[in-house]
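*Asks:*
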């Protein structure tokens, strides 16, 4: 049974590795070929470090009972993101990553459920997800969870 906790700066190396793996996975599709900055690793490290320090970012880590990292989910709380709706805040799930050896056991669904519960506890009742168009695995996962694409 996985244990969940808020990620800390001590997790930065794992988060960087997972974010790079997700980006590499999304680059497999030639439709998504995106020219990355030469200093992408430094840029990602700075971005992740800033998120770990941000009060509006919720980085949740799943790990085994002995502390082995299994995966993560990143949720962002956005305030007044769309003044045309009744929602003054909303949550955005920016990324989900599960280490390959822990896939097919429902861990991504458990991470999502944890994040949904956290958003509800913060009185956030509107959520969006973000994933690269063409990432068929992500699309299938989100469809199984009841989410639907509203823009590309």
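In the numbering used here, the protein residues as written are 70 to 221. All residues carry an ideal CB built from backbone N, CA and C; glycine is no exception. Predicted model only: the values in this text are computed from it and were never measured.
Which ranges would you report for the alpha helix (DSSP H) in the region 138 to 195 if only whole runs of at least 4 residues count?
*Replies:* 176 to 190
*Asks:* What's the call for residue 88, buried or exposed, on a 16-neighbour Cβ count within 10 Å?
*Replies:* The count along the chain shown starts at 1 and reaches residue 88 at position 19. Buried, because 16 or more other Cβ atoms sit within 10 Å of the Cβ of residue 88.
*Asks:* If you count every other CB in all the chains shown that lies within 10 Å of the CB of residue 188, and 16 or more means buried, which is it?
*Replies:* Walking along the chain shown from the start, residue 188 turns up at place 119. Buried.
*Asks:* Roughly how many angstroms separate the alpha carbons of residue 148 and residue 160, rounded to a whole number?
*Replies:* Residue mapping note: residue 148 aligns to position 79 of the chain shown, counting from 1. Residue mapping note: residue 160 aligns to position 91 of the chain shown, counting from 1. Residue 148 and residue 160: Cα-Cα distance of roughly 9 Å.
*Asks:* So, does the region 106 to 126 touch the region 201 to 215, judging by three or more C-beta pairs under 8 Å?
*Replies:* no
*Asks:* For residue 146, which of 169, 195, 218 has the nearest alpha-carbon?
*Replies:* Along the chain shown, one-based indexing puts residue 146 at 77. It is 195 whose Cα lies nearest to the Cα of residue 146.
*Asks:* What does DSSP give as the partner residues of residue 131 in its beta bridges?
*Replies:* By 1-based counting over the chain shown, the position of residue 131 is 62. DSSP lists 73, 140 as partners of residue 131.
*Asks:* Does DSSP put residue 107 in a helix, in a strand, or in coil?
*Replies:* Mapped onto the chain shown, residue 107 falls at position 38. It is coil, neither helix nor strand.
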